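Colleague: Numbering (my numbering), first residue to last: 6 to 123.
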Amino acid sequence: MAQNNPLYEQIYDLVRQIPVGQVATYGQIAALLGRPRNARQVGYALFRVAPDADVPWHRVVNAKGEISQSPQRQGSDDLQRILLEQEDVIFNTTDRINLRQYQWEAKLMPLNAPHLQK
DNA sequence: CAATTGACGCCCA
DNA sequence: TTGGGCGCCAATT
Numbered sequence: 006m007a008q009n010n011p012l013y014e015q016i017y018d019l020v021r022q023i024p025v026g027q028v029a030t031y032g033q034i035a036a037l038l039g040r041p042r043n044a045r046q047v048g049y050a051l052f053r054v055a056p057d058a059d060v061p062w063h064r065v066v067n068a069k070g071e072i073s074q075s076p077q078r079q080g081s082d083d084l085q086r087i088l089l090e091q092e093d094v095i096f097n098t099t100d101r102i103n104l105r106q107y108q109w110e111a112k113l114m115p116l117n118a119p120h121l122q123k
């Protein structure tokens with residue numbers, strides 16, 4: 006399991022910091038971790054931990070503002086969209102959200118956050 | 001150890 | 001503006 010990697014823990018902690026009603030992109034999280042090219046890894050990390058951890062994975066979407074669905078989860082449900090709608094995140098008619106309005110703006114560097122422990 | 005895959009992202013047509 | 005293809009980095013098998 007890759008969850009033991011500090012990089013993964015950083016991802017989880019970062020996602021946990023996303024405020025209710027706001028979202029972040031995979032690339033954004035990757036960039037905040039100092040790995041702007043690792044957007045895929047962020048998605049992969051969330052995919053592995055989603056059902057197990059208390060991470061608000063539903064607040065993470067792709068750069069287009071759409072919900073990235075994997076072949077596995079698409080048949081199950083649209084849980085992510087439902088959870089977001091419960092947080093006042095509105096979807097457009099094209100199944101996309103307005104990132105300019107909902108995208109989370111990380112103010113501080115999570116890597117230096119002293120109150121974060123895991 | 002090597003090949004394939006993958007909740008992504010950016011460039012080009 | 002929308003759609004298709006290539007590229008990046010790690011994890012999995």
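Glycine included, C-beta positions come from ideal geometry on N, C-alpha and C. Given the structure is predicted, the values throughout are model-derived calculations rather than measurements.
For L19, name the three-state secondary structure that DSSP assigns.
Modeller: helix
Colleague: If I follow the unbroken alpha helix (DSSP H) through E110, where does it start and stop?
Modeller: Counting along the chain, E110 falls outside any alpha helix (DSSP H), and DSSP gives it neither H nor E.
Colleague: Going by the CB atoms, is the gap between A44 and I16 shorter than 7 Å?
Modeller: no
Colleague: Mind checking which residues open and close the alpha helix (DSSP H) that includes I87?
Modeller: Per DSSP, I87 belongs to the alpha helix (DSSP H) from 84-91.
Colleague: Along the chain, where does the alpha helix (DSSP H) containing R42 start, and where does it finish?
Modeller: For R42, no alpha helix (DSSP H) run applies, since DSSP gives it neither H nor E.
Colleague: Let me check understanding here. Comparing Cα to Cα, which of Q108, W62, E71, D59 lies closest to T98?
Modeller: For T98, the closest of Q108, W62, E71, D59 by C-alpha to C-alpha distance is E71.
Colleague: Give the DSSP bridge partners of A29, in chain order.
Modeller: A29 is bridged to V65.
Colleague: Can the beta-carbon of A29 be found less than 7 Å from the beta-carbon of V60?
Modeller: no
Colleague: Please check the pair W109 and P41, which I expect to be a contact at CB under 8 Å, by giving their CB distance rounded to whole angstroms.
Modeller: Not really, about 17 Å apart at Cβ, beyond 8 Å.
Colleague: Could you tell me if A35 is buried or exposed, where buried requires 16 or more neighbouring beta carbons within 10 angstroms of its beta carbon?
Modeller: Burial call: buried.
Colleague: Report the residue from Q74, I102, A58 whose alpha carbon sits nearest the alpha carbon of R21.
Modeller: The shortest CA-to-CA distance from R21 to any of Q74, I102, A58 is the one to A58.
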